[in-house]
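First to last, the sequence lines map onto chains A and B.
Every letter in the first sequence is one number past the one before it in this note's numbering, and letter 116, counting from 1, is 116.
Every letter in the second sequence is one number past the one before it in this note's numbering, and letter 514, counting from 1, is 1514.
What follows is a short report on a single structure.
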Amino acid sequence: MSLKKISKNQPDTFEFNKQNIELANKMISNYPEGKQQSAVMSLLYIAQRQNNNWIPLASMKYIAKFLSMPYIKVYEVATFYSMYNLSPVGEFFYQVCTTTPCMLRGAYKLVDVCKKKISEDENEVSKDGKVSWMEVECLGACINAPMVQINDNYYEDLDANKLEKIIDQTIRGETPKSGSYRGRINSEPENNRKTLMDIKNA
Amino acid sequence: MLKLKVNDKDIEIDEGLTVLQACEKAGVEIPRFCYHEKLSIAGNCRMCLVEMEKSPKPIASCAMPATEGMNIKTNTPLVEKARKGVMEFLLANHPLDCPVCDQGGECDLQDQSMYYGIDKSRFKENKRDVPEKYMGPLIKTQMTRCIHCTRCIRFATEVAGVPELGAIGRGENMQITTYLEKSMESELSANVIDLCPVGALTSKPYVFEARPWELKKTETIDVMDSVGSNIRVDTYGWEVKRIMPRINEEINEEWISDKTRYACDGLKSQRLDNPYKKVGGEFKKISWKEAYETVVEKIKLTSADKIAGFTGDLTNLETMYVAKDFFENTIKSKNLESRDDNAYVNLDSRTNYIFNSQISGIEESDLILLVGANPRLEATILNARIRKSYLTNKPNIYSLGDIGDQTYPYEVLDNKTSTIKNICENKSEVSEKIKNSKKPVIIIGNSVLNMKSGKFIFESFKKYLIDNNKINEDWNSLNILSKHAATVGGFDLDIVSAENNLTLETLKKNNFEIVFLIGQDNINFKKKNEFIIYIGSHGDKGAELSDIVLPGAAYTEQDAHFVNLEGKIQKAYQASFPPGEAKEDYQIFNELSELLKRKKLFRDKEELTDNLLNYLDIKKKKETLNDCMIPDFIEEKIIIDEIDYYYSNVVARASKTMSECRNSKINVKRTGTEG
């Protein structure tokens, strides 16, 4: 993971919409008076949701004013956390887990598929602007490795072919079904094994 | 008191100290990068690891509070190994460019890796590359050298009060930057160069100029403002290469303002190195002999009351004293004046024109009232003290009128003289607050004293504070923010012609025939038939007006005394020499006197200094505190004189660096990106 690139095309202004101002004020009210700065992470996330899943610089300025804190402090937070996107992402944003368990189960094959079908470099939106992808660290679904997060959903137990189909679907604009792609319910054991006692050395 | 052991030595320390401070008290040196006495504790460099009994791991001594019965060891194999390990990590990404690094020779990382590091690197991977950042015209960055100690960030947020520096990204990709790489908006910004323990932030004007071991270091006093910061002047040959702060907890702590630090390149340009005479509108080089003869001839032909003199903003006590002697005894004129405006001053007592609460006293105050002063630009270091007080004490801060960003919030009062009248007549909420506060600090700026109601404001405040027992033996809450480095010195030597500066009035009416401008460049008047003699170091406004230029020495070129705004007498030492034919200022008067009266005023400089210090001693004993008539009230608006911070005196105006700073500020305003 390298330092996050900040987009060169920035909107001039940013403002929360009516609904999000309400939400932001609700977040601020979670903290004691005078400590409103604690809400900076929630506000950045709200801004990201409002602005097609990425945070423009204008919104950092806006949030800094909103919480009366220095701009640089907001900027620090936004660049520190990997889940804040500082440049535009696709309508379908693929996050491919490549940490050890997923890697052992073939995550790099999924990366190759992304390179082939979406874009050669990560963080580069495909030509039609619909899809983009990036490598991420562990997303906590190791038992269903390898996996990919697309927007808010997990797509698990994948292999190259299955991911290709998913990508095709998203390029057409359809939202694929989330969850395990080997027919498991959540992370239930395979082979119908229900307890540790059922089958030895499974 | 806590008792603990450091390397088997028993020591006693106050509560609330850290293990590192305890070790220092025991005389043990602990290597450190991120820890700094004047900044908050970060604990992120890990260089200060020490061993503590009963702790399985080494502890970071800078962040660990010392407690009763601790047993600290700093010389064990474990500590040595820990230091080596930390050092290796710090050096993993640090480039090996010491030979071309400006910090070389005074670099903490270099020194400490010699003492505590290992001699080779096991890091085979590529080193981290970080792009350079723009941080304004004073700070050069080389961010690959950065070891992320965050001292600069903490300085900017805490001391300078401009939270513009920050660390973006994380882990290996962490970078120190200003918000979107704009220059730092602070008059204290260059202090981060001293704070940086490596060569990441270095001085832009000093880049590749000299190595620290080649420079001659002279400890002296600054004259850029009335604070009298303690500085060290580094010279190479006769050239002043750079100026660094010297620690003086009572005045400037460890900081100096950017002007103090970088106006020094003005000592190299626009210098007067030869006597000049104006012939038909053009200056012609002449010899000292010819120059003296011309002046002497003129003086002999003129009656004494038609001769006037003005001492300047950077003039030292010696020069003022010798000028005073020259005017009183040699030419017998009373028209010598140290002020360049009509500022009101009451010479009955020293307490009437100095900063009585003392700069360090600001830290204890619980109420600060700024009356027509803009301390951020008039006395930057003093303003840093107000900010420090704001952070620790949370005093109520008021200002008459909006004076712009002072790096701390303040309550704005109506900027009219009637506000002051109301305060002094107990009709304002603020008067109640002043009465209830234990150590109020009232700071009166020069702009106010220069107004028509200057006397009214000063005397009514003084009476009000005496009546409410806020001026007593323990605490004097009345403070004057003097305008220049020479202001208090001029008052101490009684170089004041009349209360409303009659000499200046007469000058403006063109009623003098000979005018001595002794380093005085701030007087605006229309020249008619006066014969003007300029004695000073730089070719500026004063020299331009003059008929004869007698080249003098600048503040780094003569041993001399200065009085700072608190009334402290400090000695400035000679670091370099006046250029060309120029002489020390006192010599010029001495030799003129010799030609006029066949007798030198003083045998040598020692005699001059002795007489001068004697004069000041006698004056201190003669002090009286008379009640002064308070004049009638006039309704006026209090407006602070505009301050061109980077162009405030001849040295700064001659400095290229200062004009760059000034331009960068102006540009920022023009584009409107300052936010």
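Every residue gets a Cβ at the ideal spot worked out from N, C-alpha and C, and that includes glycine.
- DSSP places B/Ser1389 in the uninterrupted alpha helix (DSSP H) bounded by 1380–1392.
- In chain A, no part has a C-beta under 9 Å from the C-beta of B/Arg1376; the shortest such distance is about 18 Å.
- Identification of chain A residues near B/Arg1170 by a Cβ-Cβ cut-off of 7 Å yields Phe80, ordered along the chain.
- Taken atom to atom, the span from the alpha-carbon of B/Ile1286 to that of B/Asp1585 is near 18 Å.
- At a cut-off of 8 Å between beta-carbon atoms, A/Lys177 makes no contact with chain B.
- B/Leu1090 has its alpha-carbon roughly 14 Å from the corresponding atom of B/Lys1081.
- Contact annotation, B/Ala1373 with B/Ile1442: C-beta distance approximately 10 Å; criterion of less than 8 Å not satisfied.
- With respect to the C-alpha of B/Leu1502, the residue from B/Leu1369, B/Ala1308, B/Asn1415 having the closest C-alpha is B/Ala1308.
- For B/Leu1165, the residues of chain A that pass the 9 Å Cβ criterion are Ile72, in the order they occur in the chain.
- CA-to-CA, the gap between B/Ser1576 and B/Thr1218 works out to about 9 Å.
- At a cut-off of 8 Å between beta carbons, B/Tyr1179 contacts chain A.
- The way I'd put it, the stretch 1294–1312 of chain B does touch the stretch 1513–1531 of chain B; three or more beta-carbon pairs between them come closer than 8 Å.
- For A/Tyr75, at least one C-beta of chain B is nearer than 8 Å to its own C-beta.
- Residue environment: B/Trp1213 is assigned as exposed (fewer than 16 neighbouring CB atoms within 10 Å of its CB, all protein chains considered).
- The stretch 1188–1231 of chain B is shown to contain whole beta strand (DSSP E) runs of 3 or more residues at 1201–1203, 1216–1221, in chain order.
- If you check the CB distance, B/Ala1572 and B/Asn1316 come in under 8 Å.
- Ranking B/Glu1606, B/Lys1621, B/Asp1540, B/Lys1619 by CA distance to the CA of B/Val1651 puts B/Asp1540 first.
- Contact annotation: A/Pro70 and A/Gln10 have beta-carbon atoms that are not nearer than 8 Å.
- Looking at the DSSP output, B/Asn1479 shares a beta bridge with B/Phe1355, B/Ile1443.
- Using a Cβ distance threshold of 8 Å, B/Leu1595 and B/Tyr1292 count as a contacting pair.
- For B/Trp1288, the enclosing alpha helix (DSSP H) covers residues 1288–1301.
- Distance from the CA of B/Ile1618 to the CA of B/Asp1494, rounded to the nearest whole angstrom, comes to 12 Å.
- Shown here, B/Ile1013 sits in a strand according to DSSP, grouped into three states.
- In terms of CA proximity to B/Lys1583, B/Tyr1555 leads the group B/Glu1606, B/Arg1598, B/Tyr1555, B/Glu1607.
- In the three-state reduction of the DSSP assignment, A/Leu158 falls in the coil class, being assigned neither a helical nor a strand state.
- Taking all protein chains in view, the Cβ of A/Ser38 is surrounded by fewer than 16 other Cβ atoms within 10 Å, so the residue is classified as exposed.
- If you draw a 10 Å sphere on the C-beta of B/Glu1566, you find 16 or more other C-beta atoms in it, and that means buried.
- Judged by DSSP secondary structure, B/Pro1551 falls within the beta strand (DSSP E) whose first and last residues are 1548–1551.
- Annotation: the continuous beta strand (DSSP E) that includes B/Tyr1276 extends over 1276–1279.
- Taking C-beta atoms as the reference points, B/Asn1044 and B/Cys1196 fail to come closer than 8 Å.
- A check of alpha carbon separations from B/Asn1393 across B/Thr1407, B/Val1412, B/Leu1367 identifies B/Leu1367 as the nearest.
- In terms of Cβ geometry, B/Glu1187 and B/Tyr1534 do not form a close pair [threshold 8 Å].
- Taking all protein chains in view, the Cβ of B/Arg1598 is surrounded by fewer than 16 other Cβ atoms within 10 Å, so the residue is classified as exposed.
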